[in-house]
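Those letters in the sequence shown? Residues 5 to 109, per this note's numbering, in order.
No residue lacks a Cβ here, since even glycine has one placed at the ideal position from N, Cα and C.
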Amino acid sequence: MARFNSFQEFYPYYLSEHRHPVCRSLHYVGSSLVIGVLLFTLFTQQWRWLWLLPVIGYGFAWLGHFLFEHNKPATFKYPFYSLAADWVMLKDFLTGQLKHKMPPG
């Protein structure tokens, strides 16, 4: 895995590791559920549910990598860039920008 000095350098690599549409979909499901659980926790003040956030977020994403992409999640080497890239990828998907940002290949 290459060394990245900025998020701008990392993001194209991150997208190249998420070519399979089912893998990306599992990331979107996990991220959406994280938002849902976080909102539920904040509104109900049932703080015990917060432990689910990393389990849901990473669980869905890692299933996508292990079952569909057959690669090692970037989060193991670049945890902060990877976490940020999950949310940027979701934003790019929701705004229709993702197909223009996906690297060729």
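With 16 as the cutoff for other CB atoms within 10 Å, does residue i come out buried or exposed?
{"i": "residue 22", "result": "buried"}
{"i": "residue 16", "result": "exposed"}
{"i": "residue 64", "result": "buried"}
{"i": "residue 6", "result": "exposed"}
Beta-carbon within less than 8 Å of residue i's beta-carbon, same chain only, minus the 5 sequence neighbours each way: which residues are those?
{"i": "residue 73", "result": "21, 22, 23, 24 and 27"}
Residues in the same chain with beta-carbon distance under 7 Å from residue i, minus the five sequence neighbours each way, listed in chain order, please.
{"i": "residue 41", "result": "53, 56, 57 and 60"}
{"i": "residue 107", "result": "16, 19 and 20"}
{"i": "residue 92", "result": "15"}
If you compare alpha carbons, which of the options is closest to residue i?
{"i": "residue 71", "options": "11, 12, 13 and 31", "result": "31"}
{"i": "residue 80", "options": "95, 50 and 62", "result": "62"}
{"i": "residue 66", "options": "10, 99, 87 and 50", "result": "87"}
{"i": "residue 34", "options": "12, 48 and 94", "result": "94"}
{"i": "residue 76", "options": "106, 98 and 18", "result": "18"}
{"i": "residue 69", "options": "36, 29, 10 and 11", "result": "29"}
{"i": "residue 10", "options": "84, 43, 109 and 104", "result": "84"}
Once the 5 residues before and after residue i are set aside, which same chain residues still bring their CB inside 6 Å of it?
{"i": "residue 8", "result": "14"}
{"i": "residue 102", "result": "96"}
{"i": "residue 89", "result": "15 and 18"}
- Complete alpha helix (DSSP H) runs within the region 38-107 (minimum length 4 residues, chain order): 56-68, 83-98 and 102-105
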